[in-house]
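A.B. asks: Sharing a structure with you now.
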């Protein structure tokens with residue numbers, strides 16, 4: 001199985017600010033860190049001007065965004081869904097606008113991904129995806145894997 005993890009980012013002043021701050025987007029790195037080792041990962045961060053590959057051979061497309069980037073996130077999701085890909089949406093905007101987000105996704109990740117991502121992947125393989133995977137328990141930070149910073153080149 002292969003997963004393509006995308007940090008969506010709309011053009012504009014907020015993108016310039018985020019790029020200037022140069023902090024790695026926690027959502028995509030958290031998801032990559034808790035992805036089982038037998039799953040291949042491709043990752044892109046539009047904040048640093050990386051381009052989304054709409055011809056990705058990934059089985060699952062996981063897109064994360066905040067409210068200023070919601071329209072861009074939905075645009076990406078809709079393109080992938082039209083090509084038959086399974087789309088997962090997550091991020092703060094998705095958490096607070098689940099009805100809206102479900103119009104653009106096969107499933108949503110809500111809350112801490114570390115508690116639900118492996119179940120979503122298992123359900124995908126069995127052909128039984130839920131519409132929403134919501135974490136209801138806290139994550140023990142001492143048990144987290146380190147962020148796989150090698151997935152996005154530092155020079156980006």
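Residue numbers (this note's numbering): 1 to 156. C-beta: ideal position from N, C-alpha, C; glycine also.
Please confirm whether residue 102 and residue 109 have their CB atoms less than 8 Å apart.
C.D. replies: No, Cβ-Cβ distance for residue 102 and residue 109 is not below 8 Å.
A.B. asks: Mapping DSSP to helix, strand and coil, what is residue 84?
C.D. replies: It is coil, neither helix nor strand.
A.B. asks: Determine the burial state of residue 84: buried for a count of at least 16 other Cβ atoms within 10 Å of its Cβ, exposed for fewer.
C.D. replies: Residue 84 should be labelled exposed.
A.B. asks: Exposed or buried, what is residue 126 when buried is set at 16 or more other beta-carbons lying within 10 Å of its beta-carbon?
C.D. replies: So residue 126 ends up on the exposed side.
A.B. asks: Can you tell me whether residue 9 is helix, strand or coil according to DSSP?
C.D. replies: Looking at residue 9 - three-state DSSP - the assignment turns out to be coil, as it is neither helix nor strand.
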